[in-house]
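**Student:**
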Amino acid sequence: THPGVVVSRPQLDFIRTKVQSGAQPWKLAYDRMMASKYADLSRTPKPRAVVECGSYSNPNYGCTDEREDAIAAYTTALAWYITRDDRYAQKAIQLMDAWSATIRDHTNSNAPLQTAWSASSWPKAAEIIKHVHGNWPNSGRFATMLRDVYLPLIQNGRVNTAGNWELSMMEATLGIAVFLEDRAVYDRAVDIFRVRIPAFIYLSSDGALPKTRPGSSVDTRDEIVSYWHGQSTFVDGLTQETCRDFTHTAYGLSAAAHFAETARHQGQDVWGEIRERMRHAWGLHTRYQNGEPMPSWLCGGTLNRHLGPTSEVSFNALNTRLGIGMTNTQRYTEGQRPQGTDNLFTAWETLTHAANPA
1 THPGVVVSRP
11 QLDFIRTKVQ
21 SGAQPWKLAY
31 DRMMASKYAD
41 LSRTPKPRAV
51 VECGSYSNPN
61 YGCTDEREDA
71 IAAYTTALAW
81 YITRDDRYAQ
91 KAIQLMDAWS
101 ATIRDHTNSN
111 APLQTAWSAS
121 SWPKAAEIIK
131 HVHGNWPNSG
141 RFATMLRDVY
151 LPLIQNGRVN
161 TAGNWELSMM
171 EATLGIAVFL
181 EDRAVYDRAV
191 DIFRVRIPAF
201 IYLSSDGALP
211 KTRPGSSVDT
221 RDEIVSYWHG
231 QSTFVDGLTQ
241 ETCRDFTHTA
251 YGLSAAAHFA
261 ETARHQGQDV
271 WGEIRERMRH
281 AWGLHTRYQN
291 GEPMPSWLCG
301 GTLNRHLGPT
311 SEVSFNALNT
321 RLGIGMTNTQ
331 RYTEGQRPQG
341 TDNLFTAWET
351 LTHAANPA
């Protein structure tokens, strides 16, 4: 089903109607998006043949440029869908064509994550332009770029890494698979996602200890506690990265939500498989993000709490569509509106997913 990466045509039609009628929170979210640098029609693409990204962006040769050009392509594709002003579609096409003509590789230690983040945005833009706008002569070259430059670094996952890495890798892989209409790549992404999610979000039904990712080197209790950043008390909704910080936790939760949403558009109920884990994870983290003091048994009682603009897709799936009451998540989500972009791979989700029943 196209467009079918995170946003569907019925969802896009819903928000277009809301924006055109001036309804909130969509109109304010749209205005924020249009005022951002990502919607700038004078933006100049900054592609390069080799994007080199080290740990924590050191070095950063083209990493920010690539991620932001990809977000800009998605932003202008959304802007075109809502306004039907062709200048926005042409800007999205210009950005995608510039990169597909240039990029050959990603290198250095952060290459898989950089590839995943950028390739989470590219297919969202490409799906709208190819399947709604049309008239994109170089779409085939863009598809070749996704298959030859991006997929090899992400499609097999990464067993021994932080959960947010592999979840972002699978989000990007699934989106590329939809754009390429490649069932084998799609199915493999689902398989990897299914073994990563229980190793990222704990439920008490898993047993005394969190599940581990098959094939990983983590198996003893001490290794699990270390992998979970020193946390030895396990409660529903705790994640492997909770005690690292809420930011990286939210990267993983956001990627998982995007994955499940794309799968839903393709007729697969991944939300049904992960709803309990996601419900508890959002409930736990928003509770403390909203200001409740952290208990001493959780991450030693202190932590960097910054979930960012990441909760709309999950809240919409679980609350709007499935009817699950989520008081803490609702308070956080509504308090953050309009949720903008993390400048990495999450963008404009109050606009696309706030109370969106489609």
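For the sequence shown, position 65 matches number 65 in the working numbering, and the numbering has no gaps at all. C-beta: ideal position from N, C-alpha, C; glycine also.
1) Counting beta carbon pairs with one atom in the region 153-172 and one in the region 35-47, are three or more of them shorter than 8 Å?
2) Run through DSSP, which three-state label would residue 61 get?
3) Find the nearest neighbour of residue 81 within the set 146, 35 and 20, judged by alpha-carbon distance.
4) Using DSSP's beta-bridge definition, name the partner residues of residue 201.
5) Could you give the residue range of the alpha helix (DSSP H) that holds residue 50?
6) Decide if the region 177-188 is in contact with the region 113-131; the criterion is three or more beta carbon pairs, one per stretch, under 8 Å apart.
7) Cβ atoms of residue 339 and residue 311: under 9 Å apart, would you say?
8) Measuring CA to CA, which of 319, 342, 336 and 325 is closest to residue 289?
9) Which value, in whole angstroms, describes the spacing of the CA atoms of residue 85 and residue 78?
10) For the beta strand (DSSP E) that contains residue 105, what are its first and last residues?
11) Provide the residue span of the alpha helix (DSSP H) that contains residue 181, from first to last.
12) Within 10 angstroms of the Cβ of residue 100, are there 16 or more other Cβ atoms? Answer buried if so, exposed if not.
13) Rounded to the nearest angstrom, what separates residue 136 and residue 94 at their Cα positions?
14) Return the Cβ separation of residue 176 and residue 112 in integer angstroms, given the expectation that the two are a contact with Cβ distance under 8 Å.
15) Check whether the region 318-327 and the region 273-287 touch, using three or more Cβ-Cβ pairs below 8 Å as the test.
16) Within 10 angstroms of its Cβ, does residue 252 collect 16 or more other Cβ (buried), or is it exposed?
**Tutor:** So, to answer that:
1) no
2) strand
3) 20
4) 239
5) Careful: residue 50 lies outside any alpha helix (DSSP H), inside the beta strand (DSSP E) at 50-53.
6) yes
7) yes
8) 336
9) 11 Å
10) 105-107
11) Neither: residue 181 is in no alpha helix (DSSP H) and is coded neither H nor E.
12) buried
13) 10 Å
14) Actually they do not touch by this definition, with Cβ atoms about 14 Å apart.
15) yes
16) buried
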